[in-house]
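Heads up, the thing below is written out as structure tokens.
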Amino acid sequence: MNGPSHSKNNKALYIRFNKCFMQARWLFTLMILTATIPAFAQTLAVNGLTCEYQRNPVGIDIMRPRFSWKLTSSQRNTMQTAYELRVGSSAEALAQGKDLVYQTGKVSSDRSTFVEYEGPQLRSRMRYFWQVRVWDDHGNTSAWSPVNYWEMALLDAADWTAKWIGTPNPADTVNGPSPLFRTTFNLSKPVRSARLYITSHGVYECFINGRRVGNDHFTPGWTSYKNRLQYQTYDVTTLLTSGTNATGAVLGDGWYRGQLEKWKNIYGKELALLYQLEITHTDGSKTTINSDGKWKTSEGAIRSSSFYDGEVYDTRFEKKGWDLSTYNDKAWRPVKMMAADQSKLIAPVGPPVKKHEVFHPAKLIITPQKDTVIDFGQNLVGWVTLKMKGRPNQIIKLEHAEVLDKAGNFYTLNLRGAKCQNKFVLKGDAERTYEPHFTYQGFRYVRIKGYGGKVDTSKIRAVALYSDMAPTGTLVTSNPLLNQLQHNIQWGQKGNFVDVPTDCPQRDERLGWTGDAQAFSRTAAYNMNVNGFFSKWLKDLSIDQREDGAVPWTIPNMMPKTSAGVAGWSDVSTIVPWNMYLVYGDKRLLEQQYASMKAWVGYIQSVSVDNLWNTGFQFGDWCFYSPSPTDDSGKAAVTDKTLIAEAFYAHSTQIMIDAARVLGKDDDVKRYSDLLKEIKKAFMKEYVTPNGRTVSSTQTAYLLALQFDLLPEDQRQQLADRLVKNISDYGNHLTTGFLGTPYLCHVLTRFGHDDIAYTLLLQDTYPSWLYPVKKGATTIWERWDGIKANGDLQDPSMNSFNHYSYGAIGDWMYRVMAGINTDDVRTGYKRITIAPHPGGNLKMVNAQLETGYGQVSSKWTLNGDVMNLTVTVPVNTTALIVLPKAAQVAVTEGDRPVKEVDAIRDIKKDGQDLKLEVGSGTYNLKYNMARSMAGM
Ligand code: RAM
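This is the structure we're talking about:
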């Protein structure tokens, strides 16, 4: 009955025959190709070149830039054995190997990431071209890679000849009209190239001859402005014209003087512009156009703009053609010359904010309160654009909200003081698109007022804006709810990686909260390349760190100096550099942050007595589970804040040991190892009973103690059992807050409780990850119950629907469920572990991760007990594939037993797991778990 029918059999035969025939044909073609093409062309190639995290960066100021490249090969099991890198000052000469600035010669090395430039001193403004070729361990040599480049920015303060200009308006006019600045200039000679170096106090948009320069937003970005201010470099060659040119810029308050929490004018009271346009003519001569006393200023259509409150754009104030040479600026006023220090200027290392996804309205709703509301179907961060003609003096008001309330009405209470409104005042001229400039909103719903008549949704869009990080990870499972969770995690990241890692994107906060960032950093690094993003931010951290080592709650710090030095928040200073080292192998970043890391641990030491850190303010396990409104049952999962502090003290100290080891600082290894022993002793004495129970019987207390190895080995299992019991006491629910959540499933897995990790992951009643998903969430919420089971909304004073911290489960989903991890010695995925943990009744998990070496992937499917695992290991890496419940004899690839598969270097049995040491390539492995275990 079960056997295939005859016709099926014939069909299978036919397909097999056809396949063979095709394969033979393919082989034949390959043989011909092999005969005609030199050996290297078919097997080994170099691509994906980057310099300092970027592809062809223009305007960097790193004197020893680092190069990375990726290899591809048609052969399995391929490692780079040598590379040769060469740098020249022109693409043509370089391709011919002439006039080289620097060449490494053939270097025997398997390094293909972060290879440092060691040539002669790099010069301001110079563009350098580079390429690389590689050798592999099969005897192949690649061709030279395509030529890439990087360009140096202005390296000396003396390179700046432009002057800072501002407006003669009174200072401290926060939320006033945006100033415009303009000038004209004549170019009589043809232009070979032109660079604009530009920055501002406030945020800017710049134009040349009516065209916008670049497509970045909120430039120059947010840094610790009192100490460092980024400027951007743009290639504007094509924007210039012969004859008269015009250029201009418009400024908004931005982070510089706009409201941040309750403060305004934090970095200064006046907006200002610094603009240096350097033009090289075809004859080699130069013209420089600088911001200076000759520029003029006026006000334009942006009547006010603020991140929190939104923007008012009044077309009646438009200065049509203000950025064209034909414009008459007689009525404009001379600019005010500003004093400013050029020495704080730096070139960016992180990505700028850009526009990304565009959303069409999903639904037009008329609410019970008769509001016209558009639902975009996604809680996103950015703004709404509107195409319309309109009537003279028509005012369109767009208000933004993340959720509707229980009755289906537009809900803005959780935005607190932030108005989140954009207003457009129209003239009734030709149809065009309106969009704001110096603001952004976190929203899914938009209430439109003043539209008049039926809203034409075909002309309305929502545009997502966030830092331009390359997407690196995808994760899909057979469970749609989990897929939605993964989606929500990624959108939480998009919405909160807006130049700095923010806690939330909607209410009057949007600050670089450190605790949230550390909790989410590892997950973030799966979803997107955050190396440059965090490098920039960590630099601000080390600069804003207090002299005594205390790390502020938020970075860049805009709070009083006393708002610093908190467990789980300030530990971002050790945790994130270490995570970046693990996932990218970025050793220089670790080196750069080392002093800051040390200072933080030094601070804890200085406030500790007998190695106990139990003084000062702590946030604790923020947003932990607590039954509301009262806690008669004593079920609130309150973890002693000083226990948490001591645990993170140990964790940061452990990271110091690890970092010191990597950086070869033996004295520190010893010093911190000794210290850690004392901290653990103090922890045991103060927080662990003789029976091995932590004084707080909470999941977070157990998790921190276990994750950070605070108990002696022989006491750990019993604590893990307590954790399991605790979870079951809460009806298989988590109770953790921001600090415990990232470790929850990892600890369960480590102590053999994958099943419980899956139970928690798949739990869909409050508190759990899937509860919000079931409630229709499209991002991660700040609270486990942002919307209660009965539809009521949580306390509006703290109820963000886009807060990424709990999204830290993403790390476990990639690292354990799909099983993709980096080795912690050969970091940056130089050596990969693929150790999937099937469970939770999932039939399939498929994850991909673009690493510094190329794509790693792990896809498993379970059909009954039959496990199919497809793994991709990039060239120049090796991997350890861990097959759960597998016996060697049972595992095959196609028809071949695993031991016959080429590129498998070693096979070992380890308990129930089979471990394969493999080289690069794609492997399709298959076995029956149950039969394997039966010792087949
Ligand atoms: C809140 C922030 C953030 C948290 C701090 C302690 O206001 O939203 O998420 O880290 O407080």
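Going by the numbering used here, the sequence shown opens with residue 15, and the numbers climb by one from there.
Note that beta-carbon positions come from the ideal geometry of N, C-alpha and C, so glycine has one too.
Predicted, not measured: the structure shown is a model, and the values here were computed from it.
Quick check on the burial criterion: 16 or more other C-beta atoms within 10 angstroms. Buried or exposed for residue i?
{"i": "L427", "result": "exposed"}
{"i": "M77", "result": "exposed"}
{"i": "Q732", "result": "exposed"}
{"i": "V372", "result": "exposed"}
{"i": "F631", "result": "exposed"}
{"i": "T311", "result": "buried"}
{"i": "D230", "result": "buried"}
{"i": "S742", "result": "exposed"}
{"i": "G925", "result": "exposed"}
{"i": "V121", "result": "exposed"}
{"i": "R297", "result": "Before going further, note that residue 297 is Asp rather than Arg in the sequence given. It is exposed - the Cβ of D297 has fewer than 16 other Cβ atoms within 10 Å."}
{"i": "G506", "result": "buried"}
{"i": "G153", "result": "exposed"}
{"i": "M140", "result": "exposed"}
{"i": "R209", "result": "buried"}
{"i": "A172", "result": "exposed"}
{"i": "P191", "result": "buried"}
{"i": "S88", "result": "exposed"}
{"i": "S642", "result": "exposed"}
{"i": "S123", "result": "exposed"}
{"i": "V932", "result": "buried"}
{"i": "P184", "result": "exposed"}
{"i": "D323", "result": "buried"}
Using the C-alpha atoms, what's the distance from residue j back to residue i?
{"i": "A962", "j": "D624", "result": "One cannot answer for residue 962 here, as it falls past the ends of the chain, which runs 15 to 950."}
{"i": "Q408", "j": "R317", "result": "16 Å"}
{"i": "K583", "j": "G751", "result": "Before going further, note that residue 583 is Trp rather than Lys in the sequence given. Answer to the nearest angstrom: the Cα atoms are 13 Å apart."}
{"i": "A650", "j": "N502", "result": "27 Å"}
{"i": "I812", "j": "V101", "result": "This sequence places Met at residue 812; Ile is not what is there. For M812 and V101, the distance between alpha carbons rounds to 53 Å."}
{"i": "L930", "j": "T892", "result": "10 Å"}
{"i": "L951", "j": "T712", "result": "Any property of residue 951 remains undetermined from this structure, which presents the chain solely from 15 to 950."}
{"i": "Q559", "j": "G579", "result": "9 Å"}
{"i": "W144", "j": "V889", "result": "22 Å"}
{"i": "Q777", "j": "P786", "result": "11 Å"}
{"i": "Y639", "j": "R797", "result": "9 Å"}
{"i": "A107", "j": "D113", "result": "6 Å"}
{"i": "F181", "j": "S871", "result": "A small fix is needed here, since residue 181 is Thr in this sequence, not Phe. If I take the Cα positions, the gap works out to 55 Å."}
{"i": "K203", "j": "K300", "result": "10 Å"}
{"i": "E445", "j": "G404", "result": "8 Å"}
{"i": "N938", "j": "G678", "result": "40 Å"}
{"i": "E66", "j": "T302", "result": "28 Å"}
{"i": "V72", "j": "V146", "result": "19 Å"}
{"i": "R69", "j": "S238", "result": "26 Å"}
{"i": "S946", "j": "K922", "result": "14 Å"}
{"i": "A849", "j": "G842", "result": "17 Å"}
{"i": "L555", "j": "P566", "result": "8 Å"}
Is residue i close to the ligand GDP? I mean its beta-carbon at under 7 Å from any heavy atom of the ligand.
{"i": "E561", "result": "Absence of the ligand GDP from the depicted structure is noted, with the ligand RAM being the only ligands included."}
Establish whether the CB of residue i and some CB of chain C are separated by less than 8 Å.
{"i": "Y843", "result": "Considering every chain present, this structure includes no chain C. It has just one protein chain."}
Review point. Taking one C-beta from the stretch 250-258 and one from the stretch 297-313 each time, how about it: are there three or more such pairs within less than 8 Å?
Key: no
Check your understanding: Okay, do the stretch 593-608 and the stretch 532-546 touch, 3+ Cβ pairs below 8 Å being the bar?
Key -> yes
Review point. Counting pairs of Cβ atoms below 8 Å between the stretch 852-860 and the stretch 767-781, do you hit three or more?
Key: yes
Review point. Is there contact between the stretch 640-647 and the stretch 701-712, where contact requires at least three CB pairs shorter than 8 Å?
Key: no
Point to revise | Any residue whose CB is nearer than 5 Å to a heavy atom belonging to the ligand RAM, listed in chain order | key: D517, W527, G529, D530, F633
Review point. Residue ranges of each beta strand (DSSP E) run of no fewer than 3 residues wholly in the stretch 113-185, ordered along the chain?
Key: 114-117, 141-150, 162-166
Exercise for review: Say whether the stretch 323-335 touches the stretch 469-485, bearing in mind that this needs 3 or more beta-carbon pairs closer than 8 Å, one atom from each stretch.
Suggested key: no
Exercise for review: With a floor of 4 residues, list each alpha helix (DSSP H) that falls wholly inside the stretch 650-732, ordered by position along the chain.
Suggested key: 655-676, 680-701, 713-721
Check your understanding: Counting pairs of beta carbons, one from the stretch 821-835 and one from the stretch 796-804, are three or more of them closer than 8 Å?
Key -> no
**Study point:** Minimum length 4: unbroken alpha helix (DSSP H) runs contained in the stretch 488-549
**Key:** 494-510, 528-541
Point to revise | Completely contained alpha helix (DSSP H) runs for the stretch 562-648, where each covers 4 or more residues | key: 586-598, 601-621
Exercise for review: Determine, using beta-carbon pairs with one atom in the stretch 614-623 and one in the stretch 568-576, whether at least three such pairs fall under 8 Å.
Suggested key: no
Practice item. Answer yes if the stretch 236-246 comes into contact with the stretch 344-364, meaning at least three C-beta pairs across the two stretches below 8 Å, and no otherwise. Key: yes
Review point. Counting pairs of beta carbons, one from the stretch 665-673 and one from the stretch 586-593, are three or more of them closer than 8 Å?
Key: yes
Practice item. Could I get the ranges of all uninterrupted beta strand (DSSP E) runs contained in the stretch 340-394, with 3 residues as the minimum, in chain order? Key: 367-373, 377-380
Review point. Which ranges does the alpha helix (DSSP H) cover as unbroken runs of at least 4 residues, wholly within the stretch 804-844, from first to last along the chain?
Key: 823-826
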